[in-house]
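Quick note: the sequence shown uses UniProt numbering, first residue 1, plus one each step. Working notes for the structure below.
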Amino acid sequence: MDAVLRQSKSMCPFLKKTSPATLRSLSTSTRQASPGGGSMSNLQTIARRCPIMGKALAVQTAKSGKVGLGGVAALGAIRAYSGKAGTGKARLHTSHHREARAVEDTLFGREKVPYPQHVKPVRPVQHKAAKFDYEGFYNAELDKKHKDKSYRYFNNINRLAKEFPRAHMSNKNERVTVWCSNDYLGMGRNPQVLKTMHETLEEYGAGAGGTRNISGHNQHAVSLEATIAKLHAKDAALVFTSCYVANDATLATLGSKLPDCVILSDSLNHASMIQGIRHSGAKKIVFKHNDLADLEAKLASLPPEVPKIIAFESVYSMCGSIGPIEGICDLAEKYGALTFLDEVHAVGMYGPHGAGVAEHLDYNAHLAGRPRGTIMDRIDIITGTLGKAYGCVGGYIAGSSAMVDTIRSLAPGFIFTTSLPPATMAGAQTAIEYQMTHQGDRRLQQLHTRAVKDALTARDIPVIPNPSHIIPVLVGNASLAKQASDLLLDKHGIYVQSINYPTVPVGQERLRITPTPGHVREFREQLVESLDQVWEELGIKRTRKWKEEGGFIGVGEREERVVEPLWTDSQLGVSEVKGVKRGVEKLLEREREASAAVAAAA
Numbered sequence: 001m002d003a004v005l006r007q008s009k010s011m012c013p014f015l016k017k018t019s020p021a022t023l024r025s026l027s028t029s030t031r032q033a034s035p036g037g038g039s040m041s042n043l044q045t046i047a048r049r050c051p052i053m054g055k056a057l058a059v060q061t062a063k064s065g066k067v068g069l070g071g072v073a074a075l076g077a078i079r080a081y082s083g084k085a086g087t088g089k090a091r092l093h094t095s096h097h098r099e100a101r102a103v104e105d106t107l108f109g110r111e112k113v114p115y116p117q118h119v120k121p122v123r124p125v126q127h128k129a130a131k132f133d134y135e136g137f138y139n140a141e142l143d144k145k146h147k148d149k150s151y152r153y154f155n156n157i158n159r160l161a162k163e164f165p166r167a168h169m170s171n172k173n174e175r176v177t178v179w180c181s182n183d184y185l186g187m188g189r190n191p192q193v194l195k196t197m198h199e200t201l202e203e204y205g206a207g208a209g210g211t212r213n214i215s216g217h218n219q220h221a222v223s224l225e226a227t228i229a230k231l232h233a234k235d236a237a238l239v240f241t242s243c244y245v246a247n248d249a250t251l252a253t254l255g256s257k258l259p260d261c262v263i264l265s266d267s268l269n270h271a272s273m274i275q276g277i278r279h280s281g282a283k284k285i286v287f288k289h290n291d292l293a294d295l296e297a298k299l300a301s302l303p304p305e306v307p308k309i310i311a312f313e314s315v316y317s318m319c320g321s322i323g324p325i326e327g328i329c330d331l332a333e334k335y336g337a338l339t340f341l342d343e344v345h346a347v348g349m350y351g352p353h354g355a356g357v358a359e360h361l362d363y364n365a366h367l368a369g370r371p372r373g374t375i376m377d378r379i380d381i382i383t384g385t386l387g388k389a390y391g392c393v394g395g396y397i398a399g400s401s402a403m404v405d406t407i408r409s410l411a412p413g414f415i416f417t418t419s420l421p422p423a424t425m426a427g428a429q430t431a432i433e434y435q436m437t438h439q440g441d442r443r444l445q446q447l448h449t450r451a452v453k454d455a456l457t458a459r460d461i462p463v464i465p466n467p468s469h470i471i472p473v474l475v476g477n478a479s480l481a482k483q484a485s486d487l488l489l490d491k492h493g494i495y496v497q498s499i500n501y502p503t504v505p506v507g508q509e510r511l512r513i514t515p516t517p518g519h520v521r522e523f524r525e526q527l528v529e530s531l532d533q534v535w536e537e538l539g540i541k542r543t544r545k546w547k548e549e550g551g552f553i554g555v556g557e558r559e560e561r562v563v564e565p566l567w568t569d570s571q572l573g574v575s576e577v578k579g580v581k582r583g584v585e586k587l588l589e590r591e592r593e594a595s596a597a598v599a600a601a602a
């Protein structure tokens, strides 16, 4: 037996490294319950983890249904080798425990001990798991976008501040005219805005230094939010990095915190509101676009005590329609709902101070400084952007102090996002203040919009009718819309991006044109002539063709609706001159002169 054990010791790293005293202590102390219900010694437990002994014990256990007899015999032999017969007693010492831990380190893989060359360790069978094909997934998704013609292409367009609406392509000598910018008033190049930003940048540096609660809260944020609150005649405002974030964070926070909240959303709402509602986890009910009857039916179906939010927009940017703000306010008050109004495409553009459509609806009251009791005063939450008509970047909400403080305190989209840079906030405040006191830019933009719509209509080019500053030109086919956009850019030096799914439904693809105060007659005539040629070259349907087919989304309908512009002739000053068309041209000239004088003074 001694010879066998000596041979085993020379072959087994476990026996080779373990003293007789440690073997005795391990064999007499128990560690865990055996598969058969009894207890096992620590030595048995360790033996089961040995690639050789473990396999033998497993076979023996399967045969006997108990902890293997072979294992017991082996343990007995180890005891005998230790020089002491099994007395049933063992003395445990600290040194034994240390040795036991060393043995476990060896057998449990914490110490590498090579096997003798003539002993082949038993290794578990490795099954190669199939891995997910991530690159294949990406390519499959992109293929879908290419096949349905909704893949988005990006053109290298570099707006020139001193020449806007002109820009250059990747080659600085290749000039184009931009006709689809959301810098509606050209404030991105306004001398007062640029001066403020330069001075702030020099004094306070490029970045904010952190989130608002860490190191990004400063005088620029405080002052900007006070200006926004004043613009909308609200108690408070809160600035975000974009209005997408503002909408998402606010709706997600309110929808998740208000108990059993239900959010009613217009069917054409922007993706930021849709995402915010989704993130809130609240119940969502979609009502037909601008349909007050459908909205009321859905409100009436809800219990009176349930918190409700009606989310909608003032100007819907892809079709140019205007939300029925006053009617929605009436329903909200009747059924106990909050109103959440997105004025992103309206701030700076409407109202005597540029506060948006809600202000414009009570134009004279706000012009006289009487905001209380107006439609804008009835709106609970207004959201807007600093990145469109104000020419900078960022978004905001405005409303009651308690509501704003709740979002400030609870919304992750605000709490954990780095603040806007001081120069950006200072520039945005200057832009708002400028537009609060100067009507010229938005009036001129409206006059240019009327002139372009009239010229396109005269050429039988299908403009989707609306009362706003947006000019959606219907194409109705994704491939043709892309071709038209490319042809305008490559052949005519005009940049107008095509709008496809999912921004608009399939079959409603279009070009979206947005005149600015800088789109003078020369640029307008070039645009209209170029569009006429592209429509002819590509065989795109004209208004008369849509009419022959019964009409579509307002184009060529048999019972054509007369859509009056939101800006009236009186508000624009057109009625001061005999003949509207002549008056438009006269006012265009007058407004250009006024804007040039203001810019020169700055």
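All C-beta atoms, glycine included, are put in the ideal place defined by N, C-alpha and C.
>> As a quick exercise: from H279, A271, T250, pick the residue whose alpha carbon is nearest that of T339.
In response: Counting from one through the sequence shown, the residue named residue 339 turns up at place 339. Cα-wise, what sits closest to T339 is T250.
> For V473, does the three-state DSSP call read helix, strand or coil?
Replying inline: Against the sequence shown, residue 473 aligns to sequence position 473. Three-state DSSP puts V473 in a strand.
> Does the separation of the CB atoms of T200 and A426 fall below 8 Å?
Replying inline: The residue labelled residue 200 in the question sits at position 200 within the sequence shown. The residue labelled residue 426 in the question sits at position 426 within the sequence shown. Taking 8 Å as the Cβ cut-off, T200 and A426 qualify as a contacting pair.
> In the DSSP assignment, what are the bridge partners of A300?
Replying inline: In the sequence shown, residue 300 corresponds to position 300, counting from 1. BP columns for A300 are empty, so no partner.
> In this structure, does DSSP put E313 in helix, strand or coil?
Replying inline: Residue 313 sits at position 313 when you count from the first residue of the sequence shown. DSSP places E313 in strand when its eight states are reduced to three.
> Assuming T211 and S419 make a contact with CB atoms under 8 Å, what is their CB distance in whole Å?
Replying inline: If you number the sequence shown from 1, residue 211 lands on position 211. If you number the sequence shown from 1, residue 419 lands on position 419. Right, their Cβ atoms sit about 6 Å apart.
> Where Y562 and P465 are concerned, what is the direct C-alpha to C-alpha distance, given to the nearest angstrom?
Replying inline: Against the sequence shown, residue 562 aligns to sequence position 562. Against the sequence shown, residue 465 aligns to sequence position 465. Note on residue identity: the sequence assigns Val, not Tyr, to residue 562. Their Cα atoms are separated by approximately 9 Å.
>> DSSP has A237 in a bridge; who is on the other side?
In response: Counting from 1 along the sequence shown, the entry for residue 237 is found at position 237. For A237, which the question treats as bridged, DSSP gives the partners A398.
> So V520 is in the alpha helix (DSSP H); what residue range does that whole segment cover?
Replying inline: The sequence position of residue 520 within the sequence shown is 520, counting from 1. Under the DSSP assignment, V520 falls outside any alpha helix (DSSP H); it carries neither an H nor an E label.
>> Extract the residue ranges of the beta strand (DSSP E) inside the region 117-186, only unbroken runs of 3 or more that lie entirely within it.
In response: The qualifying runs are 166-168, 175-178.
> Given that a residue counts as buried once 16 or more other Cβ atoms are within 10 Å of its Cβ, and exposed if not, what is S321?
Replying inline: As a working note, residue 321 is residue 321 in the sequence shown. S321 comes out buried.
> What is the rounded straight-line gap between the Cα of T18 and the Cα of C12?
Replying inline: Taking the sequence shown and counting its residues from 1, the one referred to as residue 18 is at position 18. Taking the sequence shown and counting its residues from 1, the one referred to as residue 12 is at position 12. Whole-angstrom Cα-Cα distance: 10 Å.
>> Let me make sure I understand the geometry here. Which of Y396, P422, A300 has the alpha-carbon closest to that of L341?
In response: One-based indexing of the sequence shown puts residue 341 at position 341. Considering only alpha carbons, the answer is Y396.
> S265 lies in the beta strand (DSSP E); which residues open and close that run?
Replying inline: Against the sequence shown, residue 265 aligns to sequence position 265. From DSSP, the beta strand (DSSP E) with S265 extends over 262-266.
> Below 8 Å between beta carbons: does that hold for G327 and L292?
Replying inline: Residue mapping note: residue 327 aligns to position 327 of the sequence shown, counting from 1. Residue mapping note: residue 292 aligns to position 292 of the sequence shown, counting from 1. Result yes, Cβ atoms of G327 and L292 sit closer than 8 Å.
> Under three-state DSSP, which class holds T308?
Replying inline: The residue you call residue 308 lines up with position 308 of the sequence shown. Residue identity check: residue 308 is Lys in the sequence provided, not Thr. Note: K308 maps to strand in three-state DSSP.
> Whose CA, out of H232, I540, T457, V239, lies closest to the CA of Q219?
Replying inline: Stepping through the sequence shown from its first residue, residue 219 is reached at position 219. Of the listed residues, the one whose Cα sits closest to Q219 is V239.
> Does DSSP put I494 in a helix, in a strand, or in coil?
Replying inline: Sequence index remark: in the sequence shown, residue 494 carries index 494 (1-based). Of the three classes helix, strand and coil, the one that applies to I494 here is strand, per DSSP.
>> Between the alpha carbons of Y151 and A368, how many angstroms are there, rounded?
In response: As a working note, residue 151 is residue 151 in the sequence shown. As a working note, residue 368 is residue 368 in the sequence shown. Each residue's Cα considered, the two are about 49 Å apart.
> Cβ atoms of A431 and M187: under 8 Å apart, would you say?
Replying inline: Position 187 of the sequence shown holds residue 187. Position 431 of the sequence shown holds residue 431. Yes, the Cβ-Cβ distance between M187 and A431 is below 8 Å.
> On the three-state DSSP scale, how would you describe G188?
Replying inline: The residue given as residue 188 occupies position 188 in the sequence shown. If DSSP states are grouped into helix, strand and coil, G188 belongs with the helices.
> How many Å lie between A365 and V176 at the Cα?
Replying inline: Locating residue 365 in the sequence shown gives position 365, counting from the first residue. Locating residue 176 in the sequence shown gives position 176, counting from the first residue. Cα-Cα distance, rounded: 42 Å.
> Got a sec, what are the start and stop residues for the alpha helix (DSSP H) F416 sits in?
Replying inline: If you number the sequence shown from 1, residue 416 lands on position 416. Segment: none, F416 is in no alpha helix (DSSP H) and carries neither H nor E.
> In whole angstroms, what separates the C-alpha of S215 from that of A206?
Replying inline: Your numbering for residue 215 matches position 215 in the sequence shown. Your numbering for residue 206 matches position 206 in the sequence shown. Distance between the alpha carbons of S215 and A206 is about 14 Å.
> Taking the alpha-carbon positions, what's the Y184 to V344 distance?
Replying inline: Stepping through the sequence shown from its first residue, residue 184 is reached at position 184. Stepping through the sequence shown from its first residue, residue 344 is reached at position 344. Their backbone Cα atoms lie some 12 Å apart in a straight line.
> Hey, which unbroken runs of the alpha helix (DSSP H) at 4 residues or more fall wholly within the region 517-574?
Replying inline: 521-538, 543-548, 569-572
>> Per the DSSP calculation, V463 is bridged to which residue(s)?
In response: Numbered from 1 along the sequence shown, position 463 holds the residue referred to as residue 463. For V463, which the question treats as bridged, DSSP gives the partners V473.
>> Please return the same chain residues whose Cβ sits closer than 8 Å to the Cβ of G304, not counting the five positions on each side in sequence.
In response: What you label residue 304 is simply residue 304 of the sequence shown in a count that begins at 1. The amino acid at residue 304 is misidentified as Gly; the sequence shows Pro. In its chain, beyond the 5 residues on either side, Y335, G336 have a beta carbon closer than 8 Å to the beta carbon of P304.
>> To the nearest angstrom, how far is the alpha carbon of H448 from that of S570?
In response: One-based indexing of the sequence shown puts residue 448 at position 448. One-based indexing of the sequence shown puts residue 570 at position 570. When rounded, the distance between both Cα atoms is 16 Å.
> Residues in its own chain within less than 6 Å of P371 by CB, not counting five upstream and five downstream?
Replying inline: Taking the sequence shown and counting its residues from 1, the one referred to as residue 371 is at position 371. Closer than 6 Å at the Cβ level, and outside the excluded window around P371, lie A233, D377.
>> For V452 and S272, I'd like the C-alpha separation in whole angstroms.
In response: As a position in the sequence shown, residue 452 is number 452, starting the count at 1. As a position in the sequence shown, residue 272 is number 272, starting the count at 1. Rounded to whole angstroms, V452 to S272 spans 30 Å at the Cα level.
> Between the Cα of E359 and the Cα atoms of K230, A402, D460, which residue gives the shortest distance?
Replying inline: If you number the sequence shown from 1, residue 359 lands on position 359. Of the listed residues, the one whose Cα sits closest to E359 is K230.
>> Once the 5 residues before and after C180 are set aside, which same chain residues still bring their CB inside 7 Å of it?
In response: The count along the sequence shown starts at 1 and reaches residue 180 at position 180. Within the same chain, C180 has close Cβ partners Y495, V496, Q497, R512, I513, T514.
> Quick one: Cα of A532 to Cα of S485, how far?
Replying inline: Translated into positions along the sequence shown, residue 532 becomes position 532. Translated into positions along the sequence shown, residue 485 becomes position 485. One detail in the question is off: residue 532 reads as Asp in this sequence, not Ala. The alpha-carbon atoms of D532 and S485 are separated by roughly 13 Å.
>> Tell me which residues share the same chain as L489 and place their Cβ nearer than 6 Å to its Cβ, disregarding the 5 neighbours each side in the sequence.
In response: In the sequence shown, residue 489 corresponds to position 489, counting from 1. For L489, the CB contacts under 6 Å within the same chain, skipping 5 residues up- and downstream, are Y495 in chain order.
> Using a Cβ-Cβ cut-off of 7 Å (strictly less than) and excluding sequence neighbours within five positions of L361, which residues of its own chain qualify?
Replying inline: Counted from its first residue, the sequence shown places residue 361 at position 361. Beyond the five residues adjoining it in sequence on each side, L361 comes within less than 7 Å, by CB distance, of I325, E326, I375 in the same chain, given in chain order.
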